[in-house]
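Okay, structure first, notes after.
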Amino acid sequence: MAVLFNSIPGSGLVAPLTAFELNSAGAFTGNSRALVIGHTTTAGTLAADTPTFLGSQQDADRLTGSGSMAREMFRLVRQNAPVQEVWGTAPAETGAAATWTLTVAAAAVGTAGAAYLDIMGERISLSISAVDTTTTIAAALAAAINAYYNPLTGASLQVTAAAAVAVVTATFRHKGTIGNDTDFFIPPISGNIFALTGALTVAVGVAGTGVPTLTNSLAAMLDNQYDMVVCPWSDTASLATCIAAMNDTSGRWSYSRQSYGHVFTVAEGTTSALTTLGLTYNDRHLTVIGRPVVAPQPAYLWAAGFVGRVAPWLGDYTNGGVSRNQSNLIVQGLQPPRDRTSWYGYAVRNTLVQSGISTWTGDDFGNLCIDKLVTTNRVGPSAAPDLTFRDVQTLFQSMHSLRRLRADVNAAHGNKGLVQKNPSGNPALVAPADIWGTMVGSLYGLSDAGILKNPDQMAAALRVEIDASTPTRVNTFLALDNVHPLDVIAANATLYALGVPKAA
């Protein structure tokens, strides 16, 4: 069999020479990249609508600004996935920022002790003396909010504060409705002066208005790899833009682009509203996590935390992590709603999942846990129920499988001539049987990696043939059989009071 060279000429070399050329045999490796979409502060240097690599928390602070929502979203991803590759992009703000008033009353005066206020799940603490006035307490509270930083987790607040007499006005750092679910909570713990009746009153000042347009941020992804896109907004216009960016006809999942990706977001509302929302969509590239409106951390941090928690598994294309059930994974840095009556029971979670809404649970120790992440895809092209693309794992299995198959075929058969048969084994030529063999090897490799299963059956169903009308084209049929997560275990436990009967 002849030897094929990519650089050394096959003829014309006469002068003495010992020449080596170095080529890659094509050792494919997968990589997973996350993109967080969030606002930055004026102190950040990140250009608007420009995906930029965030290598560390220091990078995020510098590029997005201390206390920005984008900075905190990066922190939540990395808190759950310490080595995850994360990029950030910032759409322009629009509308008005949300504000709140924190009014200190006489009940807080005259007693020395500690005062606590939780903002976004972070505890603000003050030391109050018996001679402090409502004005001095308000000033101290504003200063504590502005100076807050959690040295253990790196958390900061997306609100600023200003005091005037006995009233603190807290303002969300960014314009828009995104700040409206910021949680202020006076913990009813012993010794908390703010918990005394009437000592501190929290009220909404101005509700935030406005939702940014995501078109430019998503368009700026081009066809660069972003497997997980964290979207803070779940309004109709934002979701429509995300769906358009990912669509299978002309978007990132189309045959002409093959850049792929999956959008994760969080929607708030009653279970009825969330069910209705889920039934509104039928998109395989969109995951919507449902939750009540009131929770310690805002929805955009939930989206970042959930993505961070599953990123190491969804990006595990070597040991089968992408195929695993994700139930009961604890999401670091987040807490479930304080009102346990708002936690979803099994019946509600089951209904939400069937409606295309992803679910969560809380454990006995107050941890927020993943229950099941699904896409909003429920029915097929004929509107009949179709579970093929329900599980989020399926989309990530598909991403890697298609990338692996494409890379293996291109590495083995790129830049060759096409023939029906190649009996002499000319390395410059390739026949359908050669491509079939390469693809079968890929299918077995994907099966060994725990992504696909039943490689013998997949190989038997694989067809590779030269197109009848275009002699430069090969058509293939791939029957892919993906591994499914183990979600349900059903057991019939029968008690025999008089002993288990012997088997016949």
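Residue 5 is where the sequence shown starts when you use the working numbering, and the numbers rise one by one after that. We put the beta carbon where it would ideally sit given N, CA and C, even for glycine.
Span separating the alpha-carbon of G319 from that of V210: Along the sequence shown, one-based indexing puts residue 319 at 315. Along the sequence shown, one-based indexing puts residue 210 at 206. Their Cα atoms are separated by approximately 42 Å.
Sub-8 Å separation of D438 and N426 beta-carbons: Here residue 438 is taken as the residue at index 434 of the sequence shown, counted from 1. Here residue 426 is taken as the residue at index 422 of the sequence shown, counted from 1. In contact: D438 and N426 (Cβ atoms closer than 8 Å).
Distance, D122 Cα to S70 Cα: What you label residue 70 is simply residue 66 of the sequence shown in a count that begins at 1. What you label residue 122 is simply residue 118 of the sequence shown in a count that begins at 1. Rounded to the nearest angstrom, the two C-alpha atoms are 19 Å apart.
Residue burial classification, R408 (beta-carbon count within 10 angstroms, cutoff 16): On the sequence shown, residue 408 is found 404 positions in, with the first residue counted as 1. The residue in question, R408, is buried, as its Cβ has 16 or more Cβ neighbours within 10 Å.
Residue range of the unbroken beta strand (DSSP E) whose run includes F176: Taking the first residue of the sequence shown as 1, we reach residue 176 at position 172. Looking at the DSSP string, the run of the beta strand (DSSP E) that includes F176 is 171-179.
Meets three-Cβ-pair contact criterion under 8 Å: the stretch 89-102 and the stretch 212-222: yes
Beta carbon of I141 nearer than 8 Å to that of A102: Taking the sequence shown and counting its residues from 1, one reaches residue 141 at position 137. Taking the sequence shown and counting its residues from 1, one reaches residue 102 at position 98. Contact flag unset, no.
Cβ-based neighbour list, G454, same chain, cut-off 7 Å, excluding 5 preceding and 5 following: Here residue 454 is taken as the residue at index 450 of the sequence shown, counted from 1. Around G454: N323, G324, S327, V487.
L409 at chain B interface by Cβ criterion, 8 Å: Considering every chain present, this structure includes no chain B. It has just one protein chain.
Among T115, A151, I149, R342, nearest to T138 - alpha-carbon criterion: Position 134 of the sequence shown, counted from the first residue, corresponds to residue 138. Nearest C-alpha to T138: T115.
Residue burial classification, F24 (beta-carbon count within 10 angstroms, cutoff 16): Numbered from 1 along the sequence shown, position 20 holds the residue referred to as residue 24. By the neighbour-count rule (16 or more Cβ atoms within 10 Å), F24 is not buried but exposed.
First through last residue of the alpha helix (DSSP H) which encompasses R407: Along the sequence shown, one-based indexing puts residue 407 at 403. Element bounds for R407: 396-417.
Candidates P385, F400, S386, T365, of which the one nearest T379 by Cα: Residue numbering aside, residue 379 sits at position 375 when the sequence shown is read from its first letter. It is F400.
Sheet register partners of A168 (DSSP bridge): Sequence index remark: in the sequence shown, residue 168 carries index 164 (1-based). According to DSSP, which records beta bridges pairwise, A168 is partnered with V171.
For S221, the three-state DSSP class (helix, strand or coil): For the purposes of this step, residue 221 is taken as residue 217 along the sequence shown, with counting starting at 1. In the structure shown, S221 sits in a helix (DSSP, three-state: H, G or I).
Paired residues, beta bridge with R127 - DSSP: Sequence index remark: in the sequence shown, residue 127 carries index 123 (1-based). For R127, which the question treats as bridged, DSSP gives the partners D122.
DSSP state of A101 mapped onto helix, strand, coil: Here residue 101 is taken as the residue at index 97 of the sequence shown, counted from 1. Three-state DSSP puts A101 in a strand.
Endpoints, beta strand (DSSP E) assigned at L39: For this step, residue 39 is matched to residue 35 along the sequence shown. Looking at the DSSP string, the run of the beta strand (DSSP E) that includes L39 is 37-41.
Cβ contact check for the stretch 456-473 and the stretch 482-502: 3 or more pairs under 8 Å: As far as the Cβ criterion goes, the stretch 456-473 touches the stretch 482-502, which means the pair count is three or higher.
Reduced DSSP category for P95 - H, G, I as helix; E, B as strand; rest coil: For the purposes of this step, residue 95 is taken as the residue at position 91 of the sequence shown. Three-state result, P95: coil.
Simplified DSSP state of L377, which is helix, strand or coil: Residue numbering aside, residue 377 sits at position 373 when the sequence shown is read from its first letter. Coil at L377, not helix or strand.
Backbone secondary structure at A19 - three-state DSSP: Your numbering for residue 19 matches position 15 in the sequence shown. Three-state result, A19: coil.
Alpha carbon of V158 to alpha carbon of V172, nearest angstrom: As a working note, residue 158 is residue 154 in the sequence shown. As a working note, residue 172 is residue 168 in the sequence shown. As written in the sequence, residue 158 is Gly, which differs from the Val given in the question. Taking the straight line joining both Cα atoms gives about 24 Å.
Cβ contact check for the stretch 277-288 and the stretch 297-309: 3 or more pairs under 8 Å: At 8 Å Cβ cutoff, the stretches do not touch.
Contact the stretch 7-22 vs the stretch 147-158: 3+ CB pairs below 8 Å: These segments do not touch.
Host beta strand (DSSP E) of G71 (start-end): To locate residue 71, count along the sequence shown from 1; it is residue 67. Under the DSSP assignment, G71 falls outside any beta strand (DSSP E); it carries neither an H nor an E label.
Residue from N354, H417, M232, D239 whose Cα sits closest to the Cα of Q510: Since the displayed the chain opens at 5 and closes at 508, residue 510 lies outside it and no answer follows.
Inter-residue Cα distance where the pair is Y264 and T253: Residue mapping note: residue 264 aligns to position 260 of the sequence shown, counting from 1. Residue mapping note: residue 253 aligns to position 249 of the sequence shown, counting from 1. If you take the alpha carbons of Y264 and T253, they lie about 12 Å apart.
Backbone secondary structure at E469 - three-state DSSP: Taking the first residue of the sequence shown as position 1, residue 469 is located at position 465. Looking at E469 - three-state DSSP - the assignment turns out to be strand.
Rounded separation between R82 and L67 - CA only: Here residue 82 refers to the residue found at position 78 when the sequence shown is read from its first residue. Here residue 67 refers to the residue found at position 63 when the sequence shown is read from its first residue. Roughly 16 Å between the two C-alpha positions.
Exposed unless 16 or more other CB atoms sit within 10 angstroms - verdict on S260: Counting from one through the sequence shown, the residue named residue 260 turns up at place 256. Counting Cβ neighbours within 10 Å, S260 comes out exposed, since fewer than 16 surround it.
Cross-strand partners of A207 (DSSP beta bridge): Looking up residue 207 in the sequence shown gives position 203. The partner list for A207 (beta bridge, DSSP) reads T105.
Between the CA atoms of E76 and I132 - distance to the nearest angstrom: As a position in the sequence shown, residue 132 is number 128, starting the count at 1. As a position in the sequence shown, residue 76 is number 72, starting the count at 1. Rounded to whole angstroms, I132 to E76 spans 30 Å at the Cα level.
Per-residue burial, L499 [other beta carbons within 10 Å of its own, 16 or more giving buried]: Here residue 499 refers to the residue found at position 495 of the sequence shown. When all chains shown are included, L499 counts as exposed.
Where the alpha helix (DSSP H) containing G445 begins and where it ends: To locate residue 445, count along the sequence shown from 1; it is residue 441. Taken as a continuous stretch (DSSP letters only), the alpha helix (DSSP H) holding G445 covers 436-452.
Start-to-end residues for the alpha helix (DSSP H) that takes in A271: Start at 1 with the first residue of the sequence shown, and residue 271 comes out as number 267. Careful: A271 lies outside any alpha helix (DSSP H), inside the beta strand (DSSP E) at 266-272.
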